[in-house]
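Peer 1: Protein chains in written order, with this note's numbering: chain A, 1 to 214; chain B, 1001 to 1269.
For reference, the structure I am asking about is given below.
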């Protein structure tokens, strides 16, 4: 028998609420789920309850929506009262942010597509970076939670940082895309500058920058 | 085992049926036993171009539904003994095609033919997907204009995701581009995409370029595959394409504007 101890960094969300009514909380949560069901469903969640509601009720509501609450926190109450009654660890924001940022970017794997991505085809590299060794045709759509690289002409749509990673970028040898987007901030062809050759698209605060590389 | 070839495009009116007729006649003349199937159920045209519309008794759908056997429905071409036509039904719609039904017929034909040509309907719906599902090779017919090129790109995507070869994860469908209705003069004027423009977008091997030619319409109306018009530019280009398909390495012809006539050369017209 052996025991191994390995470091693990699993992504999780912090659900922060100041709701004072169960009804409001449920509506707000369901709206979020509707907008990005794939992302939130079955995800691990730290519940930060800054409202007056009982944390155990909120946990039940989350679990009913297939969200697994594994930690709690509150800015307005003390640690022992909370975690003692619920049996869950008390996790303050600073601790979590550090481990998340350290883990997420470096651990991301890369999906490689070696054939042309044709019009009408949609590719989603969930939790991954995406590298296309060939072209992306007009009317095709490539999406990644991480970075995107296209080694042929990019004529379709490219959406990087689809789950909100502000540090993701798009690099292509020839940018004639219909649309590029980083973490939800997008630009359509009409609003892009005419650039020849390789281009990097990234976010500078809330500004989408298209930078010529050569 | 026959090689199954689908002639497809996405867009309508680009020359799929013209190409199916010319290609099947060309392969048959080269001594290959060939059958051409009209998958355009409800809008059958191939029988007109092959001049066998008066000899249709049973059709593709009849065979699928077991109303007749295959040999009753196959029509032998009068001009070339290696060529057979399986016409479409005009009274049904494309839902009459099923994967199992089509597979059964293709398997049966596969034993006795070298090539099975599937003339696809336009679009990307059920009929077109049935035509391409079992293909080993796809001939993508494209006109030199942007909407046709984009539709071809779309159909290439479907070939690589929804064909039997894609679903089984075996060697993918071979793709070949046939550029039709090419007008070099208009290309020079910048009114039409050039061969290079289209190749850059689609990135598949070029089988042939068929110039815009009046003889195509004329021979269609006469019920004659244009490849039999040996003097016409389109006929010659189709012949070249057939030979290339069979492995010959031929230079692409008729890519430049009209040659200046003798008088024009002398007088510098």
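Don't be surprised by glycine CBs; every beta carbon is placed ideally from N, CA and C.
For residue 1235 of chain B and residue 1229 of chain B, I'd like the C-alpha separation in whole angstroms.
Peer 2: So the alpha carbons of these two residues sit roughly 5 Å apart.
Peer 1: Report the residues of the region 120-143 of chain A with a CB closer than 8 Å to any CB of chain B, ordered along the chain.
Peer 2: For the region 120-143 of chain A, which is checked against every Cβ of chain B, the residues closer than 8 Å are 120, 121, 134, 135, 137, 138, 139, 140.
Peer 1: So what's residue 1118 of chain B in DSSP terms, helix, strand or just coil?
Peer 2: Residue 1118 of chain B: strand per DSSP, three-state reduction.
Peer 1: Distance, Cα to Cα, residue 1049 of chain B vs residue 1087 of chain B?
Peer 2: Going from the Cα of residue 1049 of chain B to the Cα of residue 1087 of chain B covers about 11 Å.
Peer 1: To test your reading of the DSSP string, which unbroken beta strand (DSSP E) runs of 3 or more residues are found completely within the region 1077-1104 of chain B?
Peer 2: Counting whole runs of 3 or more residues, the region 1077-1104 of chain B contains the beta strand (DSSP E) stretches 1083-1086.
Peer 1: Using three-state DSSP, classify residue 67 of chain A as helix, strand or coil.
Peer 2: Coil.
Peer 1: Relative to the C-alpha of residue 1094 of chain B, which residue among B:1114, B:1083, B:1130 is closest?
Peer 2: Nearest of B:1114, B:1083, B:1130 to residue 1094 of chain B, Cα basis: B:1130.
Peer 1: Using the C-alpha atoms, what's the distance from residue 1166 of chain B back to residue 102 of chain A?
Peer 2: Because residue 102 of chain A carries a pLDDT of 42, less than 50, the predicted location of this residue cannot be relied on, and the following value inherits that uncertainty. If I take the Cα positions, the gap works out to 39 Å.
Peer 1: Does any residue of chain A have a CB that is nearer than 9 Å to the CB of residue 1171 of chain B?
Peer 2: No - not a single Cβ of chain A is within 9 Å of the one on residue 1171 of chain B.
Peer 1: Could you list the residues in the region 1145-1157 of chain B with a C-beta less than 7 Å from some C-beta on chain A, going in chain order?
Peer 2: If the cut-off is 7 Å between Cβ atoms, the region 1145-1157 of chain B has 1150, 1153, 1154, 1156, 1157 near chain A.
Peer 1: Note down, in chain order, each residue of its chain lying with its Cβ closer than 8 Å to the Cβ of residue 1113 of chain B, except the 5 sequence neighbours on either side.
Peer 2: Counting only Cβ-Cβ distances below 8 Å, and skipping sequence neighbours, we find 1002, 1033, 1034, 1035, 1084.
Peer 1: If you reduce the DSSP assignment to three classes, tell me which class residue 1064 of chain B lands in.
Peer 2: Three-state result, residue 1064 of chain B: helix.
Peer 1: For the beta strand (DSSP E) containing residue 181 of chain A, list its first residue and its last residue.
Peer 2: Per DSSP, residue 181 of chain A belongs to the beta strand (DSSP E) from 179-182.
Peer 1: Contact check, residue 147 of chain A vs residue 126 of chain A under 8 Å by CB: the rounded distance?
Peer 2: That pair is no contact at about 14 Å.
Peer 1: Can you give me the Cβ contacts of residue 15 of chain A inside the same chain, cut-off strictly under 6 Å, excluding the 5 residues immediately before and after it?
Peer 2: Excluding sequence neighbours, residue 15 of chain A sits near 45, 47.
Peer 1: Report the option in A:200, A:18, A:152 whose CA atom is closest to the CA atom of residue 76 of chain A.
Peer 2: Of the candidates A:200, A:18, A:152, the one whose C-alpha sits nearest the C-alpha of residue 76 of chain A is A:18.
Peer 1: Kindly give me the distance between the Cβ atoms of residue 132 of chain A and residue 117 of chain A, rounded to whole angstroms, as I take these residues to be in contact under 8 Å.
Peer 2: With 8 Å as the limit, residue 132 of chain A and residue 117 of chain A qualify as a contact, their Cβ atoms being about 6 Å apart.
Peer 1: Do residue 1023 of chain B and residue 1238 of chain B have their C-beta atoms within less than 9 Å of each other?
Peer 2: Yes, Cβ-Cβ distance for residue 1023 of chain B and residue 1238 of chain B is below 9 Å.
Peer 1: Which residue's Cα is closest to the Cα of residue 193 of chain A: A:108, A:204, A:208, A:184?
Peer 2: It is A:208 whose Cα lies nearest to the Cα of residue 193 of chain A.
Peer 1: Establish whether the CB of residue 1160 of chain B and some CB of chain A are separated by less than 9 Å.
Peer 2: Answer yes: the Cβ-Cβ gap between residue 1160 of chain B and chain A drops below 9 Å somewhere.
Peer 1: Measure the C-alpha to C-alpha separation of residue 164 of chain A and residue 1106 of chain B and round it to an integer number of angstroms.
Peer 2: Cα to Cα, the separation comes out at about 50 Å.
Peer 1: Find out if the Cβ-Cβ distance for the pair residue 1128 of chain B, residue 1039 of chain B is shorter than 9 Å.
Peer 2: A contact, by the Cβ cut-off of 9 Å.
Peer 1: Of the choices A:87, A:31, A:210, whose alpha-carbon is the least far from that of residue 217 of chain A?
Peer 2: The shown model of chain A, from 1 to 214, leaves out residue 217 of chain A, and the question about it has no answer.
Peer 1: Suppose you measure from the CA of residue 104 of chain A to the CA of residue 1206 of chain B; what does that come to, to the nearest Å?
Peer 2: Only weak support exists for where residue 104 of chain A lies, its pLDDT of 47 falling under 50; the value from the coordinates is given anyway. In a straight line, the C-alpha of residue 104 of chain A is about 45 Å away from that of residue 1206 of chain B.
Peer 1: Using a Cβ-Cβ cut-off of 6 Å (strictly less than) and excluding sequence neighbours within five positions of residue 1118 of chain B, which residues of its own chain qualify?
Peer 2: Hits under 6 Å: 1006, 1037, 1039, 1131.
Peer 1: Which residue comes first and which comes last in the beta strand (DSSP E) that contains residue 153 of chain A?
Peer 2: Start and end: 148-154.
Peer 1: Please tell me whether residue 155 of chain A has its Cβ less than 9 Å away from any Cβ of chain B.
Peer 2: It does; some Cβ of chain B falls within 9 Å.
Peer 1: Closest Cβ-Cβ distance between residue 152 of chain A and chain B: below 9 Å?
Peer 2: So, interface residue.
Peer 1: Taking just the CA atoms, how far does residue 159 of chain A sit from residue 1072 of chain B?
Peer 2: Rounded to the nearest angstrom, the two C-alpha atoms are 55 Å apart.
Peer 1: What is the DSSP secondary structure of residue 50 of chain A, counted as helix, strand or coil?
Peer 2: Note: residue 50 of chain A maps to coil in three-state DSSP.
Peer 1: Less than 9 Å between the C-beta atoms of residue 1180 of chain B and residue 1141 of chain B, yes or no?
Peer 2: Yes, they are a contact pair.
Peer 1: When you check each C-beta in the region 1185-1208 of chain B against every C-beta of chain A, which residues fall closer than 9 Å?
Peer 2: Listed by position along the chain: 1200, 1201, 1202, 1203, 1204.
Peer 1: Hey, is residue 1124 of chain B's beta-carbon within less than 9 Å of any beta-carbon in chain A?
Peer 2: Judged by the 9 Å Cβ criterion, residue 1124 of chain B is in contact with chain A.
Peer 1: Using the C-alpha atoms, what's the distance from residue 28 of chain A back to residue 138 of chain A?
Peer 2: Approximately 37 Å, taken between the alpha carbons.
Peer 1: By the criterion of Cβ-Cβ separation under 9 Å, what are the contact partners of residue 115 of chain A in chain B?
Peer 2: Those are 1160, 1172, listed as they occur along chain B.
Peer 1: Can you find a CB in chain B that lies within less than 9 Å of the CB of residue 173 of chain A?
Peer 2: It does not: the Cβ of residue 173 of chain A has no partner Cβ on chain B nearer than 9 Å.
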